[in-house]
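One line per chain: the protein sequences are A and B, in this order.
Sequence positions in the first sequence follow our numbering and run 4 to 284.
Sequence positions in the second sequence follow our numbering and run 2 to 257.
Beta carbons are placed, not taken as given, at the ideal position from N, Cα and C, and that holds for glycine.
Owing to the predicted nature of the structure, the values given are computational and were not obtained by experimental measurement.
To start, the structure under review is shown below, and the notes come after it.
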Amino acid sequence: MNSYRLRRFKDRLFSILGLLCVIIAVIPLGSILLEVIVRGAPVINWNFLTQTPGAEGQSVGGIGPSIQGTLILIGLTSLFGIPIGIMSGVFLAEYGHNKFASLMRLFNDVLTEFPSIVAGVTVFLAVVLYFGHFSPLAGSIALSFILIPIVARTTEESIKLVPNSLREASAALGVRRWRTTVSIVIQAAKAGLITGSLLAVARIAGETAPLIMTVLGNSYFFQGFGQPIDALPLRIWRDALQPYPDIQAAGWGAAFVLIAVVLTINIGVRLVARGRHGFGR
Amino acid sequence: MQSDQAAKMSSLGLSAWYDQKQALDNVTIQMRTNSITAIIGPSGCGKSTYIRTLNRMHELIPRATVTGQVLLDKEDIYGPGVDPVMIRRRVGMVFQKPNPFPTMSIYDNVAAGLKLTGMKRGRNLDDIVKSSLEQAGLWDEVKDDLKKPGTSVSGGQQQRLCIARAIALQPEVILMDEPCSALDPVATAKIEGLMTTLKEKYTVVVVTHNMQQASRVADYTAFLYLGKLIEYDETTRIFENPKQDLTERYITGKFG
């Protein structure tokens, strides 16, 4: 009886310790969310979301160009980055039993951990200086340095979770290898691929460092692929450096919008993944 | 041994390796048209390896190799210029664990072979799906649920679905690798009944660790031990009057 009580006590103790750790881990997230909502939500209105920023010394204006810029950057990066990332992941998982693939996997892992400012500097040197101007294209290239390795990694992991019995079932029907990969394996791992891609998109939506030296940021709506554009993280950064309280408030508003976008993508991912049959959710 | 039935498929001096490890040693077996040939033997004797050499699935495993011949209608499927993919369309396979495609409906599972091999052109898929499910004895149970996922039915039904999926390609030979080992006795009895109807149209080869199953369904039985063929004969002779001492000891349960 005594030893049972002792064991029950230990069990409770560890449950409570575990719960405490979770609470400590969640406090930063909760306080950030609270702070952003309290300071950011009040400035949100239709004009704030759609107008350009006001000129110096006038009304604060809106963050329309930043939202538009972020959407353009996300869209462009996804358009090129997601297919490349997924195809690399499929290659690594399905055809990656050789030295070349191991080397690629290593580079991919290194790239995943790369400081994102370095991606920005690299693209500045290779693209911005070469063409002579900041541009959404340069920004997308820098962002895809971050997106592609993540998508490739999550794709590879999802594809590896597809049981080999399905590949064998397909091969035994006389289906060619590439067809099995496309129609059986990728289909079975689809939920995982969508999840991985959207999480990578959420990640790049908040990236600031690679954008500083590639798209620069400005106060205007999209003016062409050869011109600088703005983005939400850049806007937050610039507003936060201003001494004026109303501009700082606009920065909080932009942070609120950005967090809303990222959270929406994240929650959307969970909803997409839930209730789907398949592997690698 | 009867010789009035022609051999649909036969292995001649077949040996197989996994890297350096030899799994089959010089196995020669004939599989006669419209009959069931059972491959029996204790675990690790090479029976699954053997059946996987018959549709060239063995070589999908990295560093797995084969020597010798497998004749299908007198043509060596390991001959130069033979495309293994085309062989697999003629020699269907059912696996140990039912493996319907989880992302596909029952209907699409049966149609998968035709769709993915581009062989559906000019054919009525609905008719082929229906007749395949009928031949697999599954039509009456699933005809109202064709849109449901292939994995939504019971294990025994999934296995018959896999048989229907193999039949839909109208193969000449059907290989079954311990098709009942993951099933309960009732589902097993259904599959065994199915095998005897299948042999009217197809040549059936079944691997089993269940000797009663071999004696119930097979016309011919081959006993493998440590990668070697010990004895091959009509099933009744193997079970009633085996020539080899080893065979007798195995079927009477003295080892294995």
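Notebook entry, point to check: Relative to chain A, which residues along the stretch 112-140 of chain B have a C-beta separation below 7 Å, given in chain order?
Noted result: 113, 114, 117 and 118
Notebook entry, point to check: The beta strand (DSSP E) spanning residue 16 of chain B covers which residue range?
Noted result: Residue 16 of chain B sits at position 15 when you count from the first residue of the second sequence. Run containing residue 16 of chain B: 8-19, per the beta strand (DSSP E) assignment.
Next item on the list: Could you please tell me which residues of the stretch 166-184 of chain A, in chain order, have their CB closer than 9 Å to any CB of chain B?
Entry: 166, 168, 169, 170, 171, 172, 173, 174, 175, 176, 177, 178, 179, 180, 182 and 183
Item checked: Bounding residues of the alpha helix (DSSP H) (the contiguous stretch that carries residue 221 of chain A) -> As a working note, residue 221 of chain A is residue 218 in the first sequence. Segment: none, residue 221 of chain A is in no alpha helix (DSSP H) and carries neither H nor E.
Note to self: Is residue 187 of chain A close to chain B? Criterion is C-beta to C-beta, closer than 8 Å.
What the structure shows: Within the first sequence, the letter at position 184 stands for residue 187 of chain A. So, interface residue.
Notebook entry, point to check: Is residue 106 of chain B helix, strand or coil by DSSP?
Noted result: Here residue 106 of chain B is taken as the residue at index 105 of the second sequence, counted from 1. Residue 106 of chain B: strand per DSSP, three-state reduction.
Next item on the list: Specify the secondary structure class of residue 224 of chain B as computed by DSSP and reduced to three states.
Entry: Counting from 1 along the second sequence, the entry for residue 224 of chain B is found at position 223. Residue state, collapsed to three classes: strand.
Item checked: DSSP-derived helix/strand/coil call for residue 78 of chain B -> Translated into positions along the second sequence, residue 78 of chain B becomes position 77. Reduced to three states, the DSSP call for residue 78 of chain B is coil.
Check: List, in order along the chain, the chain B residues whose C-beta lies closer than 9 Å to that of residue 96 of chain A?
Finding: Reading the first sequence from its first residue, position 93 is the one you call residue 96 of chain A. Result: empty, since nearest Cβ-Cβ is about 15 Å, beyond 9 Å.
Note to self: With a threshold of 8 Å between beta-carbons, can residue 191 of chain A be considered close to chain B, or not?
What the structure shows: Translated into the one-based positions of the first sequence, residue 191 of chain A becomes position 188. It does: the Cβ of residue 191 of chain A has a partner Cβ on chain B nearer than 8 Å.
Checklist line | Secondary structure of residue 271 of chain A, DSSP reduced to three states | finding: Counted from its first residue, the first sequence places residue 271 of chain A at position 268. In the structure shown, residue 271 of chain A sits in a helix (DSSP, three-state: H, G or I).
Notebook entry, point to check: Is the stretch 190-200 of chain A in contact with the stretch 149-163 of chain A, if contact means three or more CB pairs nearer than 8 Å?
Noted result: yes
Item checked: Same chain only: Cβ atoms within 8 Å of residue 144 of chain A, ignoring 5 sequence neighbours per side -> The residue you call residue 144 of chain A lines up with position 141 of the first sequence. So the qualifying residues of the chain are 126, 130 and 217.
Item checked: Proximity of residue 151 of chain B and residue 192 of chain B at Cβ, strictly below 8 Å -> In the second sequence, the residue the question calls residue 151 of chain B occupies position 150. In the second sequence, the residue the question calls residue 192 of chain B occupies position 191. No, they are not a contact pair.
Note to self: Tell me the DSSP secondary structure of residue 40 of chain B in three-state form.
What the structure shows: Working through the second sequence from its first residue, we reach residue 40 of chain B at position 39. The answer is strand: DSSP assigns residue 40 of chain B an E or B state.
Check: Taking the continuous beta strand (DSSP E) assigned at residue 214 of chain B, which residues delimit it?
Finding: The sequence position of residue 214 of chain B within the second sequence is 213, counting from 1. No beta strand (DSSP E) holds residue 214 of chain B; the alpha helix (DSSP H) holding it covers 212-218.
Margin query: Using beta carbons (cut-off 8 Å, strictly below), is residue 100 of chain A in contact with chain B?
Written below: What you label residue 100 of chain A is simply residue 97 of the first sequence in a count that begins at 1. At least one chain B Cβ lies under 8 Å of residue 100 of chain A.
Next item on the list: Mind listing the chain A neighbours of residue 94 of chain B? Cutoff is C-beta to C-beta under 7 Å, in chain order.
Entry: Numbered from 1 along the second sequence, position 93 holds the residue referred to as residue 94 of chain B. Per Cβ cutoff of 7 Å: 175.
Item checked: residue 26 of chain B - containing beta strand (DSSP E), residue span -> Residue 26 of chain B sits at position 25 when you count from the first residue of the second sequence. Where residue 26 of chain B is concerned, the enclosing beta strand (DSSP E) stretches over 22-33.
Check: Between which two residues does the alpha helix (DSSP H) harbouring residue 249 of chain B extend?
Finding: The residue you call residue 249 of chain B lines up with position 248 of the second sequence. Residues 246-252.
Item checked: Three-way DSSP call (helix, strand, coil) for residue 284 of chain A in this model -> To locate residue 284 of chain A, count along the first sequence from 1; it is residue 281. Confidence at residue 284 of chain A is low in this model, with a pLDDT of 40, below 50, so its placement is unreliable and no value can be given for it.
Check: If you draw a straight line from the alpha carbon of residue 284 of chain A to that of residue 92 of chain A, how long is it in whole angstroms?
Finding: Numbered from 1 along the first sequence, position 281 holds the residue referred to as residue 284 of chain A. Numbered from 1 along the first sequence, position 89 holds the residue referred to as residue 92 of chain A. The predicted position of residue 284 of chain A is uncertain, since its pLDDT is 40 and thus under 50; no value can be drawn from it.
Item checked: For residue 107 of chain A, the first and last residue of its enclosing alpha helix (DSSP H) -> Position 104 of the first sequence, counted from the start, is the residue given in the question as residue 107 of chain A. Here the alpha helix (DSSP H) through residue 107 of chain A covers 102-115.
Item checked: Helix, strand or coil at residue 147 of chain B according to DSSP, with G and I counted as helix -> Here residue 147 of chain B corresponds to residue number 146 of the second sequence, with the count starting at 1. Coil.
Check: Going by DSSP, what residues sit across from residue 234 of chain B in a beta bridge?
Finding: The residue given as residue 234 of chain B occupies position 233 in the second sequence. Paired residue(s): B:222.
Next item on the list: Please list the partners that residue 100 of chain B has in chain A, where partner means a Cβ-to-Cβ separation under 9 Å.
Entry: Taking the first residue of the second sequence as position 1, residue 100 of chain B is located at position 99. Residues of chain A passing the Cβ test: 166, 168, 169, 171 and 172.
Checklist line | Top-ranked residue by Cα proximity to residue 285 of chain A, from B:80, B:252 and B:88 | finding: Residue coverage of chain A in this structure runs from 4 to 284, which leaves residue 285 of chain A outside it and unanswerable.
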